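First the structure, in the form of structure tokens, and then the observations on it.
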Amino acid sequence: MKRRKFIQNASLTGLGVVAGTATLSCKETTSEKPSEEINKTLAVTTGTFPIVIATWNVPNATAKAWEVLQNGNSALDAVEKGCMVEEANAEGQSVGLGGLPDRDGNVTLDACIMNKEGNYGAVVCMQNIIHPISVARKVMEETPHVILAGKGAEKFAVSEGFKRESLLTKTSKKKWEEWKKTSKYKPIINIENHDTIGMLAIDKNGDISGGCTTSGLAYKMAGRVGDSPIIGSGLFIDNEVGGATATGMGEEVLKTVGSFLIVELMRQGRTPQEACEEAIARIIKKSPNIEDFQVGYIAMNKQGETGAYCIHEGFSTTKYENGSNENTPVDFYNKA
Ligand code: SD4
80 MKRRKFIQNA SLTGLGVVAG TATLSCKETT SEKPSEEINK TLAVTTGTFP IVIATWNVPN
140 ATAKAWEVLQ NGNSALDAVE KGCMVEEANA EGQSVGLGGL PDRDGNVTLD ACIMNKEGNY
200 GAVVCMQNII HPISVARKVM EETPHVILAG KGAEKFAVSE GFKRESLLTK TSKKKWEEWK
260 KTSKYKPIIN IENHDTIGML AIDKNGDISG GCTTSGLAYK MAGRVGDSPI IGSGLFIDNE
320 VGGATATGMG EEVLKTVGSF LIVELMRQGR TPQEACEEAI ARIIKKSPNI EDFQVGYIAM
380 NKQGETGAYC IHEGFSTTKY ENGSNENTPV DFYNKA
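Right, here's the structure in full:
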């Protein structure tokens, strides 16, 4: 049986639930790896559908996405609604409302979304709109473009019925004012243990979509855009293979096009875990000065198998699968 056919058949069994062990022979893949190794890495335990996984400890976001999936809606709807939960959460200081501002005191938001057809929409450096993930979806579905920036993105959002509002909360403003006294710029690793939300979901049909939303690095330069809204860096989805998303120092993710790399490695037969580890290794090779930054990746293949890896301790993932919503610490490179 061809690989794609196997996955298709599996995802159509029962209530759209897949569980079991799939061992695929090397003849059935296009991998360049030696055959023995392929047999080993593809002997995966499949996940159950639907399934959703997100960066950080965000149980409310994954619970929302799961509810959307359980109701038979698409993975695209699930990641949008899931990300919206954190965007509206004023306590979370790196996404949407309450996000920490740039050096000038402006909260600027980056977000993107990608669907099973490989379509993509994004907004970068957008202000005053609480749900950039939804504006990104509108860019994908309602415009001939894939990215809108700054004032143009805000204008488009308003034309689509989104409300303008201030996103700088009292707490975020106070933190920014304290930071200004130091006048030193240093990115904060694992800020609040609650950071950029990257989310991957597979629906009952076995289709995958992803979303990523952030206010970016706290106290960044005005106009700075990170990896989160950039296709292939902060997020990449290929419905034949799986998806990946990132959190952490965007500049490092951008330089290595991390999420695309992970998906391509999975296409060649790596497990999601192996692919995430390789993507982190590429960053470390290029920028050995890892004390100053964190990067974390999560990935999921079309069998529902997931993986995650990061540079420093402190990153975690939340996965909703089989009715259970669990936050798990992620293995890390810097054990010294
Ligand atoms: C960025 N990747 O703007 C985002 C920020 C982030 O953990 O994820 N911080 O670079």
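Counted the way the working numbering counts, the sequence shown spans residues 80 to 415. Even for Gly, the Cβ is constructed at its ideal location relative to N, Cα and C. Here the structure is a predicted model, which means the values were calculated and not measured.
Whole-Å CB distance - residue 307 paired with residue 261, under 8 Å assumed: By one-based count along the sequence shown, residue 307 stands at place 228. By one-based count along the sequence shown, residue 261 stands at place 182. Residue 307 to residue 261, Cβ: 25 Å. No contact.
Which residues DSSP lists as bridging residue 315, in chain order: By one-based count along the sequence shown, residue 315 stands at place 236. Note: residue 315 sits in a beta bridge opposite 323.
Buried versus exposed call for residue 250 [16 or more other C-beta atoms within 10 Å across all chains shown]: In the sequence shown, the residue the question calls residue 250 occupies position 171. Under this definition residue 250 is an exposed residue.
Backbone secondary structure at residue 333 - three-state DSSP: Within the sequence shown, the letter at position 254 stands for residue 333. Residue state, collapsed to three classes: helix.
Any 3 or more C-beta pairs closer than 8 Å across the segment 185 to 199 and the segment 277 to 291: yes
Enclosing alpha helix (DSSP H) for residue 403 [first to last residue]: Residue numbering aside, residue 403 sits at position 324 when the sequence shown is read from its first letter. That residue, residue 403, is in no alpha helix (DSSP H); its beta strand (DSSP E) goes 403 to 408.
Reduced DSSP secondary structure (H/G/I, E/B, other) of residue 297: Reading the sequence shown from its first residue, position 218 is the one you call residue 297. Looking at residue 297 - three-state DSSP - the assignment turns out to be coil, as it is neither helix nor strand.
Anticipated Cβ contact below 8 Å, residue 290 with residue 305, distance rounded: By 1-based counting over the sequence shown, the position of residue 290 is 211. By 1-based counting over the sequence shown, the position of residue 305 is 226. With a Cβ gap of about 15 Å, residue 290 and residue 305 do not count as contacting.
Sub-8 Å separation of residue 298 and residue 179 beta-carbons: Within the sequence shown, residue 298 is the residue found at index 219, counting from 1. Within the sequence shown, residue 179 is the residue found at index 100, counting from 1. Yes, they are a contact pair.
The segment 366 to 374 contacting the segment 395 to 408, beta-carbon criterion three pairs below 8 Å: no
heavy atom of the ligand SD4 below 7 Å from residue 337 C-beta: Within the sequence shown, numbered from 1, the residue matching residue 337 stands at position 258. No, since every heavy atom of the ligand SD4 falls outside the 7 Å radius drawn around the Cβ of residue 337.
Residue 133 Cβ short of 7 Å to the ligand SD4 heavy atom set: Counted from its first residue, the sequence shown places residue 133 at position 54. Residue 133 Cβ: outside cutoff for every heavy atom of the ligand SD4.
Which listed residue (395, 223, 189 and 230) has its alpha carbon closest to that of residue 210: Your numbering for residue 210 matches position 131 in the sequence shown. For the residues 395, 223, 189 and 230, the minimum Cα distance to residue 210 belongs to 189.
With 16 other Cβ atoms within 10 Å as the buried cut-off, status of residue 150: In the sequence shown, residue 150 corresponds to position 71, counting from 1. Looking at its Cβ environment, which holds fewer than 16 other Cβ atoms inside 10 Å, residue 150 is exposed.
Backbone CA spacing between residue 301 and residue 255 [nearest angstrom]: Position 222 of the sequence shown holds residue 301. Position 176 of the sequence shown holds residue 255. Taking the straight line from one Cα to the other gives about 14 Å.
Among 217, 167 and 174, the one whose alpha carbon lies nearest that of residue 156: Within the sequence shown, the letter at position 77 stands for residue 156. Out of 217, 167 and 174, 217 has the C-alpha closest to the C-alpha of residue 156.
Same chain, Cβ closer than 6 Å to residue 354, neighbours up to 5 away in sequence not counted: One-based indexing of the sequence shown puts residue 354 at position 275. If we look at residue 354 and ignore the five residues flanking it on each side, its Cβ neighbours are 341, 344, 345 and 378.
Local Cβ density within 10 Å of residue 160, reported as buried at 16 or more and exposed below that: Here residue 160 is taken as the residue at index 81 of the sequence shown, counted from 1. That one is buried.
DSSP state of residue 120 mapped onto helix, strand, coil: By 1-based counting over the sequence shown, the position of residue 120 is 41. With a pLDDT of only 37 at residue 120, under 50, the local geometry of the prediction cannot be trusted, and the value read off the model is given with reservation. Reduced to three states, the DSSP call for residue 120 is helix.
Assigned secondary structure, residue 399 (DSSP; H/G/I helix, E/B strand, else coil): Stepping through the sequence shown from its first residue, residue 399 is reached at position 320. When DSSP states are grouped into helix, strand and coil, residue 399 belongs to the strand group.
Beta-carbon spacing of residue 165, residue 201 below 8 Å: In the sequence shown, residue 165 corresponds to position 86, counting from 1. In the sequence shown, residue 201 corresponds to position 122, counting from 1. No, they are not a contact pair.
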